[in-house]
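Visitor:
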Amino acid sequence: MDKADIAEVFDTLATLLELRGDNPFKVRAYQNAARTLETMPEDLGTLIADGRLTEVRGIGKDLAERILEIRETGRCAMLDELRASIPAGLIEMLDIPGLGPKKVKALHAELGVDTIAGLKKACEDGRVAEIKGFGAKTQEKILSGIANRAAYAKRHLRPAALAVAMPILDGLRKVPGVTHAEAAGSLRRRMETVGDLDFLVATAEPGPVMDWFCAQPGVREVTAKGETKSSVRFESGLQADLRVVPAAQFAYALHHFTGSKEHNVAMRRRALERGLSLSEWGLSPVRPEVAAPAPVTSEEGLFAALGLPWIPPELREGMGELELAESGKLPKLVTVKDIRGAFHNHTTASDGKNTLEEMVAAAEALGWEYLGIADHSKSSFQANGLDEARLSRQIDDIRKLNASGRFRCHVFAGSEVDILKDGSLDFPDEMLARLDYAVASVHNAFTLEEDEMTARIIRALEHPGVTMLGHLTGRLLLRREPYRVNAAKVIDAALANGKIIELNANPLRLDMDWRLWIRAAERGLLTSINPDAHDTSGLQFIAAGVDAARKGRLEPRHILNCRPLAEVTRYLARR
Ligand code: DGT
Ligand code: CA
Ligand code: CA
Ligand code: ZN
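In structure tokens, the structure reads:
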């Protein structure tokens with residue numbers, strides 16, 4: 006357990022103490038200690054070894070003991086006791102957007118509700134709106150929060166699903182007798198969230214595969230175990246289906262279970278037009294006068310039997326991909342190898358965890374030609390945003406670093422400048438002019454009406470100092486709804502002003518959404534796949550951004566950071 010993990014435990018402790026109504030000073034002590042742990046530069050191990058832990062400001066004997074306990078055992082007895090002392094329903098309520106410990110405590114005290122179902126009923130009866138400090142708007146927000154929570158609970162972020170799926174796929178391929186194994190479904194289609202995993206295996210002998218699958222570590226429950234189909238649930242709640250087919254059926258079944266449903270419907274219709282019936286079992290004539298097609302052993306063969314080139318799984322969403330394939334217009338999708346750098350990255354100057362030099366070294370190790378630094382601006386005080394003096398110094402540091410020749414990777418000096426509530430920017434024009442580029446982002450006043458938010462963002466896009474728009478909607482997948490904004494109008498404004506809209510590659514964001522990219526890229530909108538890295542490992546988010554870009558049918562020509570350094574330099578200089 007490192008500093009960040011312990012800080013998280015302390016934050017949870019503070020929340021639960023507050024929920025239980027403990028001494029506010031105690032609550033504050035844990036919150037402060039969490040902040041201290043997050044920001045202190047010293048290594049925790051060194052501090053402990055030197056016996057200097059209690060010398061850190063705000064860390065007394067009690068907190069020090071707790072830190073040692075968590076670090077050594079990975080557990081915290083006080084947290085376990087707290088959890089046991091509070092009704093589980095109240096703790097669950099904390100997951101509802103907009104409900105913190107104070108509000109949950111008030112709901113419990115005023116209405117006696119201690120389950121989500123009870124809270125839902127109280128909202129529907131209008132009793133929540135009557136509590137002091139709540140009101141009709143809050144009541145409505147809680148209701149939609151409960152509805153979202155139910156929907157969210159059913160899905161999983163792609164990286165979490167991948168982490169479970171990859172070792173299983175490796176293992177399945179090693180079971181004796183297995184000739185093919187794939188993870189199909191939404192995972193294969195590179196969807197940003199996944200409902201369940203769908204494994205498909207070809208073997209003549211299903212028994213050992215089923216036994217191996219159901220006995221995997223992390224399987225909490227086997228919900229079905231049959232001869233050719235099993236289902237399990239993992240610790241995280243993620244479920245997985247496994248189907249076993251004979252090798253001769255594998256290509257048909259792989260196509261079928263990759264989906265999407267809508268794509269399958271379109272494929273079946275196309276087959277019918279040719280007098281054929283397509284299913285997970287095969288392709289067969291529906292009328293006696295139609296000749297039976299030769300059996301296929303690959304997806305390429307299956308598509309070819311219907312007169313089509315192979316369609317990459319990420320395009321199979323039933324959004325006109327068959328027509329694209331038919332007319333020979335399938336895009337040459339971007340790959341991670343096409344990426345030559347990235348623009349939206351943070352350092353320790355704002356809320357990043359690695360220094361400028363460490364970030365550049367990591368970018369160089371990825372083989373990138375350039376790295377753009379875009380730390381937060383001063384209005385994002387919670388993220389330690391830079392004021393003009395600090396940004397000026399950072400620009401100088403970057404120029405010096407480039408001149409020193411220490412790295413082959415070129416560094417661009419930028420800023421993630423806040424779009425203020427009225428659409429003006431957090432820096433004066435002279436400051437913006439000294440930068441190589443600027444990413445403009447909304448980080449506050451999320452609750453504006455749609456018209457106001459749209460006008461705010463468009464005003465920022467019209468500013469000549471702005472190169473690109475950061476995370477269009479501010480959504481956090483499965484966690485926070487997007488703020489209200491008219492995306493179509495923002496896209497129009499970006500096109501009209503020759504501005505870029507980023508594809509934020511953080512797997513929680515993937516914003517702007519790939520569904521919007523399909524049409525926007527056709528119209529000539531340029532993007533930049535931006536990792537929004539807050540540490541060196543965050544640069545790897547680029548892969549998630551590329552997955553989303555592929556679903557959005559993006560090719561290298563649509564993406565600024567697929568261009569070589571000289572071209573990018575020219576592009577940025579025209580600003
Ligand atoms: P998910 O799990 O919600 O993220 O999405 P998928 O696409 O993985 O859906 P899932 O697991 O229900 O089914 C996997 C694929 O199997 C799906 O994409 C298409 C195929 N499939 C499943 N059920 C049906 C069905 O009732 N009709 C058709 N046409 N295809 C189905
Ligand atoms: Ca699935
Ligand atoms: Ca499934
Ligand atoms: Zn941001």
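When we follow the working numbering, the leftmost residue of the sequence shown carries the number 6, and every step to the right adds one. Don't be surprised by glycine CBs; every beta carbon is placed ideally from N, CA and C. Just so we're clear, the structure is a prediction, and the values are computed from it rather than from any experiment.
For residue 153 versus residue 486, is the C-beta spacing smaller than 8 Å?
Guide: Against a cut-off of 8 Å, the Cβ pair of residue 486 and residue 153 comes out as a contact.
Visitor: Which term fits residue 44, buried or exposed, when burial requires 16 or more other beta carbons within 10 angstroms of its beta carbon?
Guide: Classification of residue 44: exposed, given that the 10 Å Cβ count is below 16.
Visitor: According to DSSP, is residue 253 part of a helix, a strand, or is it coil?
Guide: Reduced to three states, the DSSP call for residue 253 is helix.
Visitor: Let me confirm a value: residue 286 is counted as buried when at least 16 other C-beta atoms fall within 10 Å, else exposed. Which label applies?
Guide: Its Cβ having fewer than 16 others within 10 Å, residue 286 is exposed.
Visitor: Would you check whether ligand 1 has a heavy atom nearer than 7 Å to the C-beta of residue 264?
Guide: True, at least one ligand heavy atom lies under 7 Å from that Cβ.
Visitor: Suppose you measure from the CA of residue 114 to the CA of residue 107; what does that come to, to the nearest Å?
Guide: Each residue's alpha carbon lies about 11 Å from the other.
Visitor: How many Å lie between residue 409 and residue 366 at the Cα?
Guide: C-alpha separation (whole angstroms): 14 Å.
Visitor: What span of residues does the beta strand (DSSP E) with residue 48 cover, start to end?
Guide: Element bounds for residue 48: n/a, residue is neither H nor E.
Visitor: Check whether the Cβ atoms of residue 205 and residue 170 sit closer than 8 Å, and answer yes or no.
Guide: The answer is no: Cβ separation not under 8 Å.
Visitor: Using a 10 Å radius around the Cβ and a threshold of 16 neighbouring Cβ atoms, would you call residue 179 buried or exposed?
Guide: Classification of residue 179: exposed, given that the 10 Å Cβ count is below 16.
Visitor: Quick one: what does DSSP say residue 191 is sitting in, helix, strand or coil?
Guide: In this structure, residue 191 counts as helix in the three-state DSSP scheme.
Visitor: According to DSSP, what are the bridge partners of residue 226?
Guide: Paired residue(s): 238.
Visitor: When the Cα atoms are used, what is the spatial distance from residue 451 to residue 429?
Guide: Their backbone Cα atoms lie some 15 Å apart in a straight line.
Visitor: Would a C-beta distance cut-off of 8 Å place residue 568 and residue 442 closer than the cut-off?
Guide: Going by C-beta atoms, residue 568 is not nearer than 8 Å to residue 442.
Visitor: Considering only the beta carbon of each residue, do residue 41 and residue 61 sit closer than 8 Å?
Guide: It is a contact, given that the beta carbons lie within the stated cut-off.
Visitor: Identify which residue in 343, 307 and 421 has its Cα closest to the Cα of residue 356.
Guide: Looking at the Cα atoms, 421 is the closest of the given residues.
Visitor: Determine the extent of the beta strand (DSSP E) in which residue 442 is found, giving its start and end residues.
Guide: Residues 442-446.
Visitor: Give the C-beta separation of residue 552 and residue 195 to the nearest angstrom, bearing in mind that I take them to be a contact with Cβ-Cβ under 8 Å.
Guide: Yes, residue 552 and residue 195 are in contact; Cβ-Cβ is about 4 Å, under 8 Å.
Visitor: Would you decide whether residue 283 is buried or exposed? Buried here means 16 or more other CB atoms lie within 10 Å of its CB.
Guide: Buried is the call here.
Visitor: Among 446, 476, 391 and 405, whose alpha-carbon lies nearest the alpha-carbon of residue 436?
Guide: Checking every option, the nearest Cα to that of residue 436 belongs to 391.
Visitor: Going by Cα to Cα distance, which pick from 512, 541, 459 and 128 is closest to residue 426?
Guide: Ranking the options by Cα distance to residue 426, first place goes to 459.
Visitor: DSSP on residue 520, reduced to helix/strand/coil?
Guide: In the structure shown, residue 520 sits in a helix (DSSP, three-state: H, G or I).
Visitor: The alpha helix (DSSP H) with residue 431 in it runs from where to where?
Guide: From DSSP, residue 431 is part of no alpha helix (DSSP H); its letter is neither H nor E.
Visitor: Mind checking which residues open and close the alpha helix (DSSP H) that includes residue 276?
Guide: Note, residue 276: alpha helix (DSSP H), 266-278.
Visitor: Mapping the DSSP letters down to three states, classify residue 409 as helix, strand or coil.
Guide: In this structure, residue 409 counts as helix in the three-state DSSP scheme.
Visitor: Tell me whether residue 584, by its Cβ, gets closer than 7 Å to a heavy atom of ligand 1.
Guide: Residue 584 is absent from the model: the chain starts at 6 and stops at 580.
Visitor: Could you pull the DSSP bridge partners for residue 85 from this structure?
Guide: DSSP, once it has assigned bridges, lists no residue as partnering residue 85.
Visitor: Could you tell me the alpha carbon to alpha carbon distance between residue 306 and residue 343, rounded to whole angstroms?
Guide: One C-alpha to the other measures close to 28 Å.
Visitor: Look at residue 291 and residue 280 and say whether their C-beta atoms are less than 8 Å apart.
Guide: Yes, the pair counts as a contact, with Cβ atoms nearer than the cut-off.
Visitor: Does the stretch 213-223 come into contact with the stretch 234-241, if we say contact requires no fewer than three beta-carbon pairs (one atom in each stretch) closer than 8 Å?
Guide: Yes, the stretch 213-223 is in contact with the stretch 234-241.
Visitor: Closer than 8 Å is the cut-off here; do at least three beta carbon pairs connect the stretch 98-106 with the stretch 16-33?
Guide: Contact holds: three or more Cβ-Cβ distances are below 8 Å.
Visitor: Are the Cβ atoms of residue 571 and residue 534 separated by less than 8 Å?
Guide: Contact: no.
Visitor: Name the two residues that bound the continuous beta strand (DSSP E) containing residue 488.
Guide: Note, residue 488: premise wrong, no beta strand (DSSP E); not H, not E.
Visitor: Which same chain residues, not among the five before or five after residue 11, have their C-beta less than 7 Å away from its C-beta?
Guide: So the list reads 42, 72, 75 and 76, once near-sequence residues are dropped.
Visitor: Is any non-hydrogen atom of ligand 3 found closer than 7 Å to the C-beta of residue 190, if you look at the structure I gave you?
Guide: Correct: residue 190 has its Cβ closer than 7 Å to ligand 3.
Visitor: Hey, would you say residue 498 sits closer than 8 Å to residue 467, going by beta carbons?
Guide: For residue 498 and residue 467, yes; Cβs fall inside 8 Å.
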